[in-house]
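Peer 1: Here it is, the structure in full.
In the numbering used here, the protein residues as written are 347 to 1307.
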C-alpha cells in the first residue's frame, strides 16, 4: 500500500506539487483565521446565576441560594454547584461536565430556574451571567479626568449609559463591567417630625413618589384627516418635579415633598471601588470576552472602537488602558514563533552539515514549513487556538518532522554510493525509488510509536487536559502530516533534486570532490565526509573498547540510573509551570464588616506602596465587586493588578559573569542567567513592604488567579475547604488549620475566612405590641425598610440614562441606635408609633458571607506558598494537619486549588502511563518479533531519562505535567 503511494507520487510529480501547494494555501488561510490567545482556556463549562435582593447574607442563603443549589444539584451533566451569599447578592456557579456545550448548559439552567419561579421570594431578581470564562477579562480602562471639572458620579454615568453600550456592541464582547465612582440616585430625604406634624406616614410618601412618575396613552384620535397618538406625559424629569410631588391637601392647601424634606442627587449604595496608582478613586470599565472568541481580534476591535469614540469623550477626559491582554498574547506568540524559527534553522543547519549534500538537505528543510502549514488545517476543526502550547507542540515536533526525510536521504546516499563504487551505469531514479520503499515501512512504524507515546496527554481531563491537549494535537497532527509527506512529496522532490545520469563520475573533474558533493554533483563516501569522517574515526575505538567491556559498560549505566533515582525525590513538583504574564495580581484579605470607605483607604495605601517600586509601570486596584456576575468579591477582598515594566528595565544584580564578561558576551549569558532582580525576589520585597496590620497577603497572576477563582473558588494556588453543618464550627476549624499551616515551611501567608465577624443591627419585633396597634410584621418591616434602608421606588428616565429614586429619613434621624428607636411606624390613620415601642434593637455579629457547595456549608482557608514546590508543601501540610487537628463528626476537610488538579492528574496517569508503555511494547514486539530486541529498544527509555532528570535538577525546575 505504501509502495503504491510512493510510485504514484513519483509518476505524478506535478499533481503532487499542485496538491501540496493548494493545501499550503489552505493551511495559511487556517492559520490566519484561527483564534489567538496567550494560553489555552482551561476553564470548565460554567453558568453563573446572579440574584439581587437587598437582604442580609443569612436570609439570602436560606431563601435564594440554597433553593437554587438544591434544584440544580443532580441536574443532567452538572458536576458541582457552588454558591455565595453576600449582602444583597447571591452567586450560584453551576459547573458542567467537560465537553458540555455552553449554550446547552445555559438553556438547561434556565429550564430549572423557571421551575423555581414560585419558590423564590417576591422582589428577587435572578439573571444569567455573561457567556464568558475565567479568561474573559481581557481589557480594562480608566476614565481619567485631567480637567478636574467632572465628578465621579458624572464619569460613572458616562461609563454606564454611553461608553458601556458602545463597547458591548463590539463583536466578541460578552459584557462590559463598570467599577468605581458613584451610581447617581435621586434621594428624597424626609424629616419624621414634619411628617408627624402633618400626619403623613413614610408609606404615604413612598406611594406618592411612585404615583408621580408615570406616562400613559389614550389610543388614537382623528382630527381633520390626520391621526394623532395620545400621550399622557407624567415622567419625573428633575429634582424640581420631585419636590413638587403632592403628598396630601388640607383645606385646599397642598402638602408637597419640599414641605417635609428635600430632594438631592447623591450616590446609591455601592459594593465596589477602584483606584489608579494610589492617587484616588477612579471610574473603570472591564471588557469581558465572549467564550470561544478570538481574544486578540476582540481586543483590537475594542481598541478601534475606543479610537472612534475618543473625540466624543467629555471635555478633559481621557480613556486610559490599564490592563491589555493583547500585550501578553503578542509577546507569547512572538516568543513561540521565534523559538520555532530558531528550531527550524537549527534543524536545517544540522541536516546540511551532516548530509553534506545541498539537494538532499533542501528536501527536509522544505518539509518542515510545509508540514507546519498543513498542521493548522485540522486544528481549526478541534477548536484549538494558536497559543504557546499549540506552537510548542509544533516546535517539539520539528526534529521528528524530518526524520523520515533524513532516513530516506541516508538510504539513498548509501545506495548511490554503492553503485558509484562499482563504476557501472545505473538508473538514479530507480535507485532512489528502491531506497524510499525500503525504509518507508519502518519510518511509518516509528511515527506510530511517537503518536502512541502521547496517549497520556489525550486522556487528561479538566484544566490539565485543556492546557496540554493543544500541544498533543499539534504534535500528533505534525507526525501524521510528516508521514504522508514522506510517501508523497518527499519522493517527488528527491527525484528532482538529483540530476538524472547513467554514471556517477560527472562533475568531479571540475571542482574538489567535497564541493561537488555539497552542491549535489556527487555523493561523498561516508569515510571521506568532512564532518562524519572524523567523527567515525573518533567513535570507532570507543565502540571497540565498549564491546570488549560489555559488563563494565552495563554496570556503569545501571549505576547512573541508580544514582539518579534519589535525585528525582529532590526535585519539586507543581501542577503546571507558571506563565510570565508581565503582571502580578495582589489579593490581600481583611476582616469582614469593613466599610467601603475604610476598604478604599487600605486599597489606596497598598497601591501607593506598589507603585513606588521601580519595576512597576502602573497599578489598578479594586475593592469589592465590579458590576458583573463574574466578580463575587466582597468588600473585605482587595485586588490590585500590578503591571510590570519590561524585564530589561528592572534593577540590575551582580551575577557570576558581571565582573569579567564584555557587553556582547553579557547579552548572550543574560539568556542563561538574568542579571536583574527575579520576579520571586520582587514579590518577596513587595510582600515585605506590605505588612499592613489586618491584611493577609496573597500573590498570583491575573489570568491564573481568575481561572482558579472561577474553577475552584480559591483565589490562591492552594487552599483548604471545610464543610459541615454549622458556620461557627467551620470557622473554628478554619482557625485551627490557619494556626497549623502558618508553621509549615513555605507558607508566605495563610488566612481563614472569618465569615461570622459581620456586624448586624437586629430589630426583634414584639408581636404583642404589634398586635395592640393592629400591625403585622410585614407592615412594620415595610415601613422600617423605607424609612431606614431607602428602597428604590421608581426610576427617573433622562434620555438613555436611568436614575433610581429612593425615600428615607434624613441621616441625622437614622445615624445611631437612639435615632433609630424614634423611627415612626404608621399604625393606621394618623397614629404613628416609635420603633422602640414595637421592637428591641441590638447589635450582634453574624455571617458576613456564606459559602455553599453542593448543598453543604463551606469555609475556605487560603494558603499562599512561596519558595517551595506546591506538591512538596501540601504533602507536609497534610501530615501536620493529620497530627495536630481532630475533626468533629460530620465535618470534612479537602485540599483545593492547583493541588486538586494535580492530584486528579496523578490518579489518571497512574493507570494510563503503564497502559501506554504496554501498547508501545506490543507494537515493538510486532515489529521485531523478538522479545530480546524489544527489551533492548525499550531499555533506552530509563537510560535516556537520566539526562532529563539531571538537567531539570541542575536548572532548578520543578516536575510538572
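Here a beta-carbon is modelled for each residue, glycine too, at the ideal position from N, C-alpha and C.
#1: Among residues of its own chain, excluding the 5 on either side of residue 999, which ones have a beta-carbon nearer than 7 Å to its beta-carbon?
#2: Identify the continuous alpha helix (DSSP H) that holds residue 628 and give its terminal residues.
#3: Do residue 433 and residue 402 count as a contact pair if the criterion is CB distance below 8 Å?
#4: So residue 1054 and residue 1214 are in contact, right, with Cβ under 8 Å, and what is the actual spacing, rounded?
#5: Could you tell me if residue 911 is buried or exposed, where buried requires 16 or more neighbouring beta carbons within 10 angstroms of its beta carbon?
#6: Using the Cα positions of residue 1189 and residue 1181, report the straight-line distance between them to the nearest angstrom.
#7: Judging by CA-CA distance, which residue of 975, 1048, 1206, 944 is the nearest neighbour of residue 1040?
#8: Can you round the beta-carbon distance between residue 961 and residue 619 to whole angstroms, since I take them to be within the 8 Å contact cut?
#9: Could you tell me whether any non-hydrogen atom of the ligand FMN is closer than 7 Å to the CB of residue 696?
#10: Using the C-alpha atoms, what's the distance from residue 1198 back to residue 1233?
#11: What are the start and end residues of the alpha helix (DSSP H) that includes residue 1181?
#12: Between which residues of its own chain and residue 360 is the CB-CB distance below 6 Å, once the five residues before and five after are set aside?
#13: When DSSP labels each residue in this structure, what does residue 1309 get in the three-state scheme?
#14: What's the call for residue 749, buried or exposed, on a 16-neighbour Cβ count within 10 Å?
#15: Give me the Cα-Cα distance between residue 742 and residue 1200, rounded to the nearest whole angstrom.
#16: Can you list the alpha helix (DSSP H) stretches of 4 or more residues lying completely in the segment 1007-1091, in chain order?
#17: Can you tell me whether residue 1268 is buried or exposed, with buried defined as 16 or more other CB within 10 angstroms of its CB?
#18: Grouping DSSP H, G and I as helix and E and B as strand, with all else coil, what is residue 1146?
#19: Starting from residue 471, trace the beta strand (DSSP E) both ways and give me its first and last residue.
#20: Looking at the structure shown, is residue 483 part of a helix, part of a strand, or coil, going by DSSP?
#21: Do residue 672 and residue 646 count as a contact pair if the criterion is CB distance below 8 Å?
#22: Any idea if residue 776 is buried or exposed, counting beta-carbon neighbours within 10 angstroms, 16 or more meaning buried?
#23: With contact counted as at least three CB pairs below 8 Å, one residue from each stretch, are the segment 981-995 and the segment 659-666 in contact?
#24: Give me the Cβ distance between residue 788 and residue 355, rounded to the nearest whole Å; I'm assuming they're in contact under 8 Å.
#25: What distance in whole Å lies between the Cβ atoms of residue 1042 and residue 955, which are believed to be in contact at a cut-off of 8 Å?
#26: Tell me the start and end of each unbroken beta strand (DSSP E) in the segment 928-952 that is at least 3 residues and wholly inside, in chain order.
#27: Please report the residue range of the alpha helix (DSSP H) in which residue 812 lies.
#28: Sort out for me which residues DSSP pairs residue 1209 with in a bridge.
#29: What residue does the beta strand (DSSP E) around residue 500 start on, and which one ends it?
#30: Please list, in chain order, all residues of the same chain as residue 513 whose beta carbon is under 8 Å from its beta carbon, the five residues on each side excluded.
#31: Which two residues bound the contiguous beta strand (DSSP E) that contains residue 359?
#32: Near residue 730, which residues of its chain fall below 6 Å by C-beta distance, leaving aside the five closest residues on each side in sequence?
#33: Report yes if the C-beta distance between residue 1270 and residue 722 is below 8 Å; otherwise report no.
#34: Quick one: what's got a C-beta closer than 6 Å to residue 855's C-beta in the same chain, skipping five residues either side?
#35: Using a threshold of 8 Å, state whether the C-beta atoms of residue 1147 and residue 436 are closer than that.
#36: Tell me, please, which residues DSSP counts as bridged to residue 596.
Peer 2: To lay it out plainly:
#1: 1021, 1022, 1023
#2: No alpha helix (DSSP H) contains residue 628, which DSSP labels as neither H nor E.
#3: yes
#4: Contact flag wrong, Cβ pair sits at about 18 Å.
#5: exposed
#6: 16 Å
#7: 944
#8: Between residue 619 and residue 961 the Cβ distance is about 26 Å, and since that is not below 8 Å, they are no contact.
#9: With respect to small molecules bound, the structure shown includes none, and the ligand FMN cannot be examined in it.
#10: 19 Å
#11: Neither: residue 1181 is in no alpha helix (DSSP H) and is coded neither H nor E.
#12: none
#13: Not covered by the structure: residue 1309. The range shown for the chain is 347 to 1307.
#14: buried
#15: 42 Å
#16: 1009-1015, 1025-1035, 1048-1058, 1073-1087
#17: exposed
#18: coil
#19: 471-474
#20: strand
#21: yes
#22: exposed
#23: no
#24: The pair is not a contact, with the Cβ atoms about 19 Å apart (cut-off 8 Å).
#25: 16 Å between Cβ atoms; not a contact.
#26: 929-932
#27: 808-833
#28: 1064, 1096
#29: From DSSP, residue 500 is part of no beta strand (DSSP E) but of the alpha helix (DSSP H) over 498-504.
#30: 519, 522, 631, 633, 648, 651, 652
#31: Here residue 359 belongs to no beta strand (DSSP E); instead the alpha helix (DSSP H) covers 359-379.
#32: 736, 816, 819
#33: no
#34: Because residue 855 sits at a pLDDT of 48, beneath the cut-off of 50, its placement in the model cannot be relied upon, and the following sentence gives the value as read from the coordinates. Correct list: empty, nothing qualifies.
#35: no
#36: 599
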